[in-house]
Amino acid sequence: MPADLLIECLTGTCVRPNCTMKNRVLVVGGGLAGTAVAIHLAHSGNQVVLAMPKHVQDTNSYHAQGGIAAVLSNTEDSLDQHLEDTLEAGAGMTDETVARYVIEHAAEEISQLESWGVHFDEVEDHSYSLHREGGHSASRILHIKDYTGKGIMTALYEQLESHPNIEVHKGWRADKLLRRSDGSCGGALLHDGEEYYTVEADHTVLATGGLGALFNTTSNPDLAWGSGVALAMELGAKVRDMAFVQFHPTVLYSDQPGKSLLISEAVRGAGGILRNHDGVAFMTQYDKRGDLATRDVVSKSIYNEMLKADVKWMYLDVTHFETGKFEEVFPIISEGLRQRGLDPAVDLIPVTPASHYHCGGIDTAISGATNVSGLWALGECARTGLHGANRLASNSLLEAIVFARTVADSISKSVERAVSDVPLAAEFSESEASDRSEIENLQREVSRYLGVMRNRAELDEMIASWESRKESTSNRELALRLALCIEIAKDSLRYSQDVGALTWMA
Ligand SMILES: Cc1cc2nc3c(=O)[nH]c(=O)nc-3n(C[C@H](O)[C@H](O)[C@H](O)COP(=O)(O)OP(=O)(O)OC[C@H]3O[C@@H](n4cnc5c(N)ncnc54)[C@H](O)[C@@H]3O)c2cc1C
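Residue 4 is where the sequence shown starts when you use this note's numbering, and the numbers rise one by one after that.
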């Protein structure tokens, strides 16, 4: 073996097919949470293996439009107001200690992003351009036009490429988490589309994002179906608040399944008005905040109007905007609409609620630790307690960057040791290819039974059906998806009343 390869094997950096590598920290997921935690870990001298998507467009982070909620010292807003809005959106289920922690660290993490090369929009006097979104009592959303996620991820990916302590593997997906014989997590089995790789690690960090693509209609990319949460559950990690799937009220209506264009809430913040098919602006009938009510209220109101009129969409009206204003402030949305033959200056925009964000997930302590030793989680796959039963708009990018530093610090401070010598508990077998038709069928069921409004009796029946299919299928992806559906349904049934993002049919 050539000397350089031997050194790679001894130091655990060998990437040859079928080589069993040994690394200290494995980070799974290359969105904002995964890249930021990898950079922090690397800066602290950890050796990081980062399994990330082939394309940055496969992350939810890239598609974030509205921005990051943050109260900075040079504004007239206050931390207490941000906290109050977060608690109100969370419908009594937010962990106040966690919320305060995240909100108080916002300014520090915005500076960190800037030091990594992110430039937020400014106004003439060079103070930040701050947008206001539904549920926020003040303008506090930092943004980069309407492509904040793209702006942030472009800067962070440059940081990744230049760091010697980070070994980046594009297109690697975790297929199974490895259990050591003492019950701890020992890394993961990953797949690059052709080969399987065993990556052993002292610490495994899940940053695998949301589960919008469990549903038929979503704002999320296809890979965001919750695989990280399902793998963690399989290993024995606790999950919490699984019932609370947030539906974005205004995703462009499409008769095709899958990801559709999101029309940011900042559009309503800038004056966009929801109208029914008779042209009536209906939101004030549902909430005194009208079009600026929190997204759960707006989603339910739109859904209700759709049921009443037996139609599949409502309209968002921006035709009254000053000429050229919409294109200037929302260039990506404008372009997306034009590609679909819509001119926002004259056309009403057909919108429908769609699965968007998961408030629940892998239960984590404020350090980012899960109940499984060696396993950590952050970002959308984690349930930190910040969002309660309903996330306040633009709090999730903030959560990702705050917990990136927290998790990296927690891992760096944990007892230094070489890769654990506790052996892996069991061998694993390669999984079978997924049958897409069964998965598409499940996506339709999920939209029907776990959508904006749920029905108790139907959920009981679906749990029985999903459990029996989970037992009998040899399709691993389907089984993991079914496990998530069962968990969401069972958690929903714990609530007899509507709570936050969870609504029962009358
Ligand atoms: C259209 C849209 C607009 C949004 N706008 C905003 C906004 O303005 N402000 C805001 O705060 N939030 C917004 N959100 C939510 C926010 O973008 C996400 O909550 C946040 O980016 C999540 O970051 P993350 O790093 O946890 O996950 P992601 O960015 O989704 O990254 C997770 C990565 O993990 C990968 N992955 C998943 N499973 C595996 C596996 N098994 N193995 C390996 N990799 C895996 C995924 O492919 C993905 O690349 C928006 C979301 C969407 C979809």
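Just so it is clear, CB atoms sit at the ideal spot from N, CA and C, and this is done for glycine as well. As the structure is a prediction and not an experimental result, all values here were calculated from the model.
{"Item": "Exposure of K262, with buried meaning 16 or more beta-carbon neighbours within 10 Å", "Value": "buried"}
{"Item": "For L29 and A191, believed in contact at Cβ under 8 Å, the rounded distance", "Value": "6 Å"}
{"Item": "Of the residues A504, L483, D501 and K493, the one placed nearest L217, counting alpha carbons only", "Value": "L483"}
{"Item": "Closer than 8 Å: L319 CB and nearest ligand 1 heavy atom", "Value": "no"}
{"Item": "Beta-carbon proximity list for I442, same chain, < 7 Å, skipping 5 on both sides", "Value": "E480, L481 and R484"}
{"Item": "Closer than 8 Å: Y360 CB and nearest ligand 1 heavy atom", "Value": "yes"}
{"Item": "First and last residue of the uninterrupted alpha helix (DSSP H) at H463", "Value": "First, the amino acid is wrong: residue 463 is Asp here, not His. R459 to S475 is the span of the alpha helix (DSSP H), which, as asked, contains D463."}
{"Item": "Helix, strand or coil at K153 [DSSP, three-state]", "Value": "helix"}
{"Item": "Residues bridged to Y256 (per DSSP)", "Value": "Its beta-bridge partners do not exist; DSSP assigns none."}
{"Item": "Contact test: W379 Cβ vs ligand 1 heavy atom, cutoff 8 Å", "Value": "no"}
{"Item": "Selection from L86, P56 and V52 that minimises the alpha carbon distance to A396", "Value": "L86"}
{"Item": "CA nearest to the CA of S165, picked from R278, A41 and D350", "Value": "A41"}
{"Item": "First and last residue of the uninterrupted alpha helix (DSSP H) at D128", "Value": "Taken as a continuous stretch (DSSP letters only), D128 belongs to no alpha helix (DSSP H), as it is neither H nor E."}
{"Item": "Residue range of the unbroken alpha helix (DSSP H) whose run includes H66", "Value": "N63 to H66"}
{"Item": "C362 in three-state terms, based on DSSP", "Value": "coil"}
{"Item": "Option nearest L101 by Cα separation, candidates G69, A385 and P260", "Value": "The question names Leu, yet the displayed sequence has Val at residue 101. Of G69, A385 and P260, the residue nearest in Cα terms is A385."}
{"Item": "Assigned secondary structure, K25 (DSSP; H/G/I helix, E/B strand, else coil)", "Value": "Confidence in K25 is poor, its pLDDT being 37 and thus under 50, which makes the residue's placement too unreliable to answer from."}
{"Item": "Nearest-angstrom Cα separation, counted from A392 out to T506", "Value": "11 Å"}
{"Item": "Residue of S230, E125 and Y131 minimising C-alpha distance to R176", "Value": "S230"}
{"Item": "Contacts around N279, its chain only, beta-carbon distance under 7 Å, and the 5 residues preceding and following it disregarded", "Value": "F285, E308, A312 and M317"}
{"Item": "Length of the line joining the Cα atoms of H146 and G174", "Value": "29 Å"}
{"Item": "Supposed close pair E383, H361 - CB separation, criterion 8 Å", "Value": "6 Å"}
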